[in-house]
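Residue numbers (the numbering used here): 218 to 316.
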Amino acid sequence: MTRLHWIILLFALWTALYAGSFLVTANMPPDGDGFTRGMNRVTLFLQFQLGAGVSAAIAWWTGRLLPRGWQRWLSRLPAMMTVALFLLIGIMALAATLA
């Protein structure tokens with residue numbers, strides 16, 4: 218398999234994990250009582266995002282030797298989206314703390 222095939226495979230894996238993190242947790246009933254109610258959804262979301270982040274990092278590493286062009290950007294897009302999501306979560310947590 219060429220590097221491009223690996224990147225496309227990793228991009229598909231990242232897309233499935235990234236979309237799954239939202240779709241699975243949105244359709245899952247919250248468990249627990251009191252403060253911990255719904256933590257099962259948060260932990261499952263973070264587990265999916267961790268898997269997506271690992272596949273994004275591997276795709277970035279695989280695409281680093283590609284010539285400039287759409288293939289290199291395809292290898293970098295998942296990592297950029299993962300970092301953007303974690304920055305958004307951090308900003309939301311900071312805003313909730315300061316409010």
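Note that CB positions come from ideal geometry on N, CA and C, so glycine has one too.
{"Item": "Sufficient close CB pairs (3 or more, under 8 Å) joining the region 230-238 to the region 260-278", "Value": "yes"}
{"Item": "Unbroken alpha helix (DSSP H) run spanning residue 279, endpoints", "Value": "256-280"}
{"Item": "Cβ pair residue 296, residue 228 closer than 8 Å", "Value": "no"}
{"Item": "Chain-order list of residues whose beta-carbon lies under 7 Å from that of residue 256 (same chain, five-residue window excluded)", "Value": "249"}
{"Item": "CB of residue 224 within 8 Å of CB of residue 294, strictly", "Value": "no"}
{"Item": "Element boundaries [alpha helix (DSSP H), containing residue 283]", "Value": "No alpha helix (DSSP H) holds residue 283; DSSP gives it neither H nor E."}
{"Item": "Straight-line Cα distance separating residue 282 from residue 315", "Value": "43 Å"}
{"Item": "Whole-angstrom distance between residue 220 and residue 285, CA atom to CA atom", "Value": "14 Å"}
{"Item": "Inter-residue Cα distance where the pair is residue 243 and residue 258", "Value": "8 Å"}
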